[in-house]
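A quick write-up on the structure given underneath.
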């Protein structure tokens, strides 16, 4: 089985770093005074398909519902109470999903960036139906087929597939890793997703540290009408920086990928790392101000909130 790697960093030594982090043996960082409050919440109510463009709804963490052009798509849908193989208190959901599974319209495809439990929820995928098309980074198809899923397509970086006439999705590079167990690290790849509907472009960054891929994505696909960019799960930086960008880096990614607008994701839903839950939006606004970017261009909204893109 192939082992995937990151072109820009060394992947060795992560297990020892996990132990250092968990037992408080790593470099000490200055404690934050930001509020430890989860993301605000507003339940998404079922709505008709937009007359033009797309409606993008943040369902929490990295999960999104995209509606429009005759399609209903989910990206990294997680609806379970825990983002872990077992009910672990530390991995419990702190904000409800933006909607119930029963609220969803018929889903035409699910895009999955990688196999981590906070991005790939097997129970949610089963609830959507074993025939629902799943599109995922390469290396996952055989495993998902063994789980009983009947319609799985895997894509390598920069490979694309057609969702409907004139609408394509392309796997984009990211800097991360995969694992569901201690024994399958990097047996499958990781990616982001670029949705192109006749020149209207949406981009979901997946899970990623800051890396040279983003300038390349901007050169290939920019300008991008709406980005979904991670802003949380970044502390401590000595450990998390290679796999999770922080808000300051997210602003650089926003610029390098040439996004016109962006939604902050990967924050405020699960307590995965050490920063206070309410810190990412504050750091995001400060970084935008420092860069001279309109604060409304890149927002950290409410779980269940929708945005229209056209």
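In UniProt numbering, the protein residues as written are 1 to 310. For every residue, glycine included, the Cβ atom is placed at its ideal position computed from N, Cα and C. Remember, it's a predicted structure, so these values are computed and weren't measured experimentally.
Can at least three beta-carbon pairs, one atom from the segment 189 to 206 and one from the segment 227 to 241, be found at a separation below 8 Å?
yes
Do you know whose CA, among 111, 286, 277 and 295, lies nearest residue 35's CA?
Taking the first residue of the chain shown as 1, we reach residue 35 at position 35. The candidate whose alpha carbon is nearest that of residue 35 is 277.
Determine the burial state of residue 33: buried for a count of at least 16 other Cβ atoms within 10 Å of its Cβ, exposed for fewer.
Walking along the chain shown from the start, residue 33 turns up at place 33. Exposed, because fewer than 16 other Cβ atoms sit within 10 Å of the Cβ of residue 33.
Determine which residues share a DSSP beta bridge with residue 72 and list them.
Locating residue 72 in the chain shown gives position 72, counting from the first residue. Answer is 67.
Going along the chain, which residues of its own chain have a beta-carbon closer than 6 Å to the beta-carbon of residue 133, five neighbours each way excluded?
In the chain shown, counting from the first residue as 1, residue 133 sits at position 133. Excluding residues within five positions, the ones whose Cβ falls inside 6 Å are 109 and 151.
Beta-carbon gap between residue 178 and residue 193 smaller than 9 Å
What you label residue 178 is simply residue 178 of the chain shown in a count that begins at 1. What you label residue 193 is simply residue 193 of the chain shown in a count that begins at 1. No; because the gap between Cβ atoms is not below 9 Å, this pair is not in contact.
Measure from the alpha carbon of residue 70 to the alpha carbon of each residue in 106, 95 and 42, then state which is nearest.
Within the chain shown, numbered from 1, the residue matching residue 70 stands at position 70. Closest option to residue 70, Cα to Cα, is 106.
Less than 9 Å between the C-beta atoms of residue 191 and residue 8, yes or no?
Sequence index remark: in the chain shown, residue 191 carries index 191 (1-based). Sequence index remark: in the chain shown, residue 8 carries index 8 (1-based). No, these two residues do not count as a Cβ contact at 9 Å.
Should residue 3 be labelled buried (16 or more other beta-carbon atoms within 10 Å of its own) or exposed?
Within the chain shown, the letter at position 3 stands for residue 3. Label assigned to residue 3: exposed.
Do you know whose CA, among 75, 182, 232 and 241, lies nearest residue 85's CA?
Here residue 85 corresponds to residue number 85 of the chain shown, with the count starting at 1. Among 75, 182, 232 and 241, the Cα nearest to that of residue 85 is on 182.
Is it right to say residue 247 is buried, meaning 16 or more other beta carbons lie within 10 angstroms of its own, or is it exposed?
Looking up residue 247 in the chain shown gives position 247. By the 10 Å Cβ count, residue 247 comes out buried.
Spatial neighbours of residue 215 within its chain, please: CB distance less than 6 Å, with the 5 preceding and 5 following residues excluded, ordered by chain position.
Position 215 of the chain shown, counted from the start, is the residue given in the question as residue 215. So the qualifying residues of the chain are 256.
If we count Cβ pairs, one from each stretch, closer than 8 Å, do we get three or more for the segment 54 to 71 versus the segment 157 to 176?
yes
Spatial neighbours of residue 122 in its chain, beta-carbon cut-off 7 Å, leaving aside the 5 residues before and after
Here the question's residue 122 lines up with position 122 in the chain shown. Apart from sequence neighbours up to five positions away, the residues of its chain that approach residue 122 with a beta-carbon distance below 7 Å are 147, ordered along the chain.
Can you check which of these residues, 39, 173 and 144, is closest to residue 93 by C-alpha distance?
Start at 1 with the first residue of the chain shown, and residue 93 comes out as number 93. Residue 93 has its Cα closest to that of 39, out of 39, 173 and 144.
Using 10 angstroms around the beta-carbon of residue 37, count the other beta-carbons present and answer buried if the total reaches 16, otherwise exposed.
As a position in the chain shown, residue 37 is number 37, starting the count at 1. Classification for residue 37: exposed.
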